[in-house]
Amino acid sequence: MSASLPPNRLFVFCVILICFGIGFIKASGYGTPEAFQVRPAMASGASEPRFQSRFASSAQHTQTHASSLIELKDGRIRAFWFAGSREGAKDVEIHSAIFDPARGQWGAEQTVASREGTQQSVLRYVSKLGNPVAGRAEDGTLWLYYVTVSMGGWAGSSITAMTSTDDGATWSPARRLVTSPFLNISTLVKGAPFLYSDGTMGLPVYHEFIGKFGELLRLDKTGAVIDKQRLSGGGDHALQPIFLVKNASEALVLMRYSGTDAPHRAISISTKDAGRHWTAPVKSPLSNPDSALSAVVLPDGRILAALNNMEQGRDALTLVISVDGGINWKTAYPLEDQLAARDQHLDEARYLKITEALAKDTDAKAASVPGEYVESAKRQVCTGHGCRFEFSYPYLIQTQSGDIHLVYTWNRSFIKHVQFNQAWLDQRLKDAK
Amino acid sequence: MIQFTDMTGLASSAAAITAAVFLLPGITRMSRPSLALLASAVAVVALVPFGGFPLAAYVRGVIGDLSITSLVMLILTILRPLFGWSPSNTKAKLALQALIAVAAIGLYPLALGLGYFDPYRLGFGNLWFVSALLLVALVAYSRRLTVITLSIALAVFAWGIGWYESNNLWDYLLDPLVSIYAISAVIRHSVRALLKQRRGYFY
Chain F
1146 MSASLPPNRL FVFCVILICF GIGFIKASGY GTPEAFQVRP AMASGASEPR FQSRFASSAQ
1206 HTQTHASSLI ELKDGRIRAF WFAGSREGAK DVEIHSAIFD PARGQWGAEQ TVASREGTQQ
1266 SVLRYVSKLG NPVAGRAEDG TLWLYYVTVS MGGWAGSSIT AMTSTDDGAT WSPARRLVTS
1326 PFLNISTLVK GAPFLYSDGT MGLPVYHEFI GKFGELLRLD KTGAVIDKQR LSGGGDHALQ
1386 PIFLVKNASE ALVLMRYSGT DAPHRAISIS TKDAGRHWTA PVKSPLSNPD SALSAVVLPD
1446 GRILAALNNM EQGRDALTLV ISVDGGINWK TAYPLEDQLA ARDQHLDEAR YLKITEALAK
1506 DTDAKAASVP GEYVESAKRQ VCTGHGCRFE FSYPYLIQTQ SGDIHLVYTW NRSFIKHVQF
1566 NQAWLDQRLK DAK
Chain B
127 MIQFTDMTGL ASSAAAITAA VFLLPGITRM SRPSLALLAS AVAVVALVPF GGFPLAAYVR
187 GVIGDLSITS LVMLILTILR PLFGWSPSNT KAKLALQALI AVAAIGLYPL ALGLGYFDPY
247 RLGFGNLWFV SALLLVALVA YSRRLTVITL SIALAVFAWG IGWYESNNLW DYLLDPLVSI
307 YAISAVIRHS VRALLKQRRG YFY
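Below is the structure:
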């Protein structure tokens, strides 16, 4: 007796075979990276201590925030940040400018992404733009990832990506990354991307809808998301992870703490097997007032971090250093410190006077027209209840020349750039002893 | 130039908009040619740019690309009145709704941060996950629950060929809209069954 299937049953069976055959072929193409890529050795930099500061952004009377940096192939540095009438407004754009270390000057501020341009590219409604970060793929392509929102607040964010093969002179159309099953909401970027040994890219991201937690995306060479790892649980209140690759297999991750339980400390996790397994999140010794932090691993293994090293407020920004892989930290240099002004319940006149002095101290250009800088800052940080200083969202990189560059939000009105070398850092540490 | 995945994504939003029209009360009383005309008109209106942007793109901005399971159900919703098909196999429909409801209740709370395990990660090419889906599809096939078999198999196929922007298999199997629909249908069915049982006690 033959046991043949009716034609429609046979058809459905063939559909199963074909569909799953294709599915298994795709699934077998995913691999797990063996190691992190470690950056090639850098120059130690000039032996003379050097420290300079200036403003990277130039537009007046706008709100600027969330800056990031990347070194270009020719040694210049490109910064990205978002700017508009206020955070979350429809007119917010992603701006960029280039710093030429040889001339010690920032070029003109340009728009690299707008809300309208992004929505035409991704063929979806986009209501606002947010944090941008850039990464360099193994083939040299520059990738720009930035936050886009289609509905609601930042909890409704998703990530959009663009590429450039000419270091940011021109950009490809934007593409949306799909990273979450629930309407693709709540994935944001802040930390610098890094590479795995197989050429795939790790992109630290975070989630802030209902629970707040850090995540890690892995992207293949075409930019497709091929893996996603959770770095902390929803109850850990940890976000904005930054990855510090120590060697091919070890990395430390520091995250902003957004919880209310004291002590308010940055959250840390680590891996010893290139991210296959992670330690449970713990509170680090670094204080954190629910604010972003940034860090780099120096060629000698020390870790340098920039953060608001206090439990409340963003009116002081500090460089701290660890010589034992992130276990213990000590202050290297106070970059900004207006704690005293906070205690004095600052009125507008006093705020303007201090801000003028700070602007003059930052940049020679600002020294010639300090009033414009002060007015821009006043617009952003003064309310009917007084004024407050804000120095936040630091982003640190070390370039091939050995110099360290830091950008951060200066009173929500400008992006401040600080450049120094290891000789200056070592001098500060010697002075601190 | 418009990408393939944008075309498929916009088409899925247009299908959702068209299907929404078919849910209007009294619509099934229209003649088949009128229904076909209405469906075509709504789909075209959804895809034609007004002010530089089609309605489907606004819907896509909010709901994302519809899962293949949603599309299977929407297409059945649209095509049934057009072709005068009889109501689908109730047992298969209920089993599919129950399966979607269980999967959604398992996926979304965990993916949104409950605990440390993220089932969404399995959708990035986990071989065990694909194998488990094959098993479910075969069990459904053996029980003649063809709508389940085809929904799962077509979702795996679409993921395999990169039909949408998403590279995650879950996004082809489930979306929040079909999940809400399935969970409410299961609840509705359970309440009805319970009431029927109680009436049985009284009489």
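If you read the sequences in order, they're chains F and B.
Counting in this note's numbering, the first sequence runs from 1146 upward without gaps.
Counting in this note's numbering, the second sequence runs from 127 upward without gaps.
A virtual CB, placed ideally from N, CA and C, is assigned to each residue, including glycine.
Reference L220 (chain B), options B:R325, B:S310, B:R324 and B:I128, closest by Cα
Considering only alpha carbons, the answer is B:S310.
Would you say L1478 (chain F) faces chain B, with C-beta separation under 7 Å as the test?
A quick correction: the sequence has Tyr, not Leu, at residue 1478 (chain F). For Y1478 (chain F), the answer is no, since every Cβ of chain B falls outside 7 Å of its Cβ.
So which of F:P1386, F:A1425 and F:T1405 has the shortest CA-CA distance to A1437 (chain F)?
Of the candidates F:P1386, F:A1425 and F:T1405, the one whose C-alpha sits nearest the C-alpha of A1437 (chain F) is F:P1386.
Label E1261 (chain F) either buried or exposed according to how many other C-beta atoms from any shown protein chain fall within 10 Å of its C-beta, with 16 as the threshold for buried.
exposed
With a 10 Å radius around its C-beta and 16 neighbouring C-beta atoms as the bar for buried, classify L150 (chain B) as buried or exposed.
exposed
Could you list which residues in chain B have their beta carbon closer than 9 Å to that of S1583 (chain F), in chain order?
Given a span of 1146 to 1578 for chain F in the structure shown, any question on residue 1583 (chain F) remains unanswerable.
Below 8 Å on the Cβ atoms is my guess for H1550 (chain F) versus I1222 (chain F); work out the distance and round it to an integer in Å.
Correct: roughly 6 Å between the Cβ atoms.
Is L173 (chain B) near the ligand HEM, going by C-beta to nearest heavy atom under 6 Å?
With respect to the ligand HEM, the structure shown offers nothing to examine, as it has no ligands at all.
According to the neighbour-count rule (16 or more other Cβ atoms, all chains shown, within 10 Å of its Cβ), is V1271 (chain F) buried or exposed?
V1271 (chain F) is buried by the Cβ-count criterion.
Coarse secondary structure for Q1182 (chain F), derived from DSSP in three states
coil
What is the DSSP secondary structure of A142 (chain B), counted as helix, strand or coil?
Helix, per DSSP.
Check the C-beta distance from I194 (chain B) over to A284 (chain B) and give it rounded, since I have them as a contact under 8 Å.
5 Å
From the DSSP secondary-structure annotation, give me the bridge partner or partners of E1481 (chain F).
F:L1462
At the 7 Å Cβ level, is F1358 (chain F) part of the contact set with chain B, yes or no?
yes
Residue closest to T1332 (chain F), alpha-carbon to alpha-carbon, out of F:S1309, F:P1277, F:R1557 and F:L1340
F:P1277
Below 7 Å between beta carbons is the criterion; list the residues of the region 180-212 of chain B that meet it against any residue of chain F, in chain order.
Result list: A183, Y184, R186, G187, V188, I189 and G190.
Restricting to Cα atoms, I'd like to know which of F:L1155, F:W1226, F:R1154 and F:P1246 is closest to Q1564 (chain F).
F:P1246
Can you find a C-beta in chain F that's less than 7 Å from the C-beta of P302 (chain B)?
yes
Give me the Cα-Cα distance between R1410 (chain F) and V1441 (chain F), rounded to the nearest whole angstrom.
19 Å
Are A107 (chain B) and T144 (chain B) closer than 7 Å when you measure CB to CB?
One cannot answer for residue 107 (chain B) here, as it falls past the ends of chain B, which runs 127 to 329.
Where the alpha helix (DSSP H) through P338 (chain B) begins and ends:
There is no way to answer for residue 338 (chain B), as the model of chain B reaches only from 127 to 329.
Hey, is the region 1504-1515 of chain F in contact with the region 1531-1550 of chain F, meaning 3+ C-beta pairs nearer than 8 Å?
no
Output needed in chain order: residues of the region 223-247 of chain B with a Cβ under 7 Å from some Cβ in chain F.
Of all residues in the region 223-247 of chain B, L233, Y234, A237, L238, G239, L240, G241, Y242, D244, Y246 and R247 have a Cβ within less than 7 Å of some Cβ in chain F.
Is A1148 (chain F) close to chain B? Criterion is C-beta to C-beta, closer than 7 Å.
With a pLDDT of 47 at A1148 (chain F), under the threshold of 50, the modelled position of that residue is not reliable, and the figure given next carries that caveat. So no, A1148 (chain F) is outside the interface.
Burial state of A1148 (chain F), where buried means 16 or more other Cβ atoms lie within 10 Å
With a pLDDT of 47 at A1148 (chain F), under the threshold of 50, the predicted position of this residue should be treated as unreliable, and no value is reported.
Kindly indicate which three-state DSSP category W1423 (chain F) falls into: helix, strand or coil?
coil
Compare the C-beta of G1420 (chain F) against all C-beta atoms of chain B and say whether one is closer than 7 Å.
no
Just to confirm before moving on: does the CB-CB distance between A1450 (chain F) and L1484 (chain F) stay below 7 Å?
No; because the gap between Cβ atoms is not below 7 Å, this pair is not in contact.
With a threshold of 7 Å between beta-carbons, can S1295 (chain F) be considered close to chain B, or not?
yes
If you run the structure through DSSP and keep just helix, strand and coil, what is S1147 (chain F)?
Only weak support is given to the placement of S1147 (chain F): the predicted model assigns it a pLDDT of 42, under 50, and the value that follows is read from those uncertain coordinates. If DSSP states are grouped into helix, strand and coil, S1147 (chain F) belongs with coil.
Cβ closer than 7 Å: which chain F residues qualify as neighbours of S292 (chain B)?
Near S292 (chain B) (Cβ distances below 7 Å), the residues of chain F are V1323.
Is it true that the CB of T1308 (chain F) sits closer than 7 Å to the CB of T1090 (chain F)?
For residue 1090 (chain F) there is no data in the structure shown, the boundaries of chain F being 1146 and 1578.
Taking Cβ-Cβ distances shorter than 8 Å, what residues in chain F pair up with G152 (chain B)?
The contacting residues do not exist; G152 (chain B) stays about 31 Å from chain F at best.
Residue burial classification, M1146 (chain F) (beta-carbon count within 10 angstroms, cutoff 16):
Confidence in M1146 (chain F) is poor, its pLDDT being 41 and thus under 50, which makes the residue's placement too unreliable to answer from.
For a contact meaning CB atoms closer than 9 Å, what does Q1374 (chain F) contact in chain B?
D244 and R247
State buried or exposed for H1352 (chain F), treating a residue as buried only when at least 16 other CB atoms are found within 10 Å of its CB.
buried
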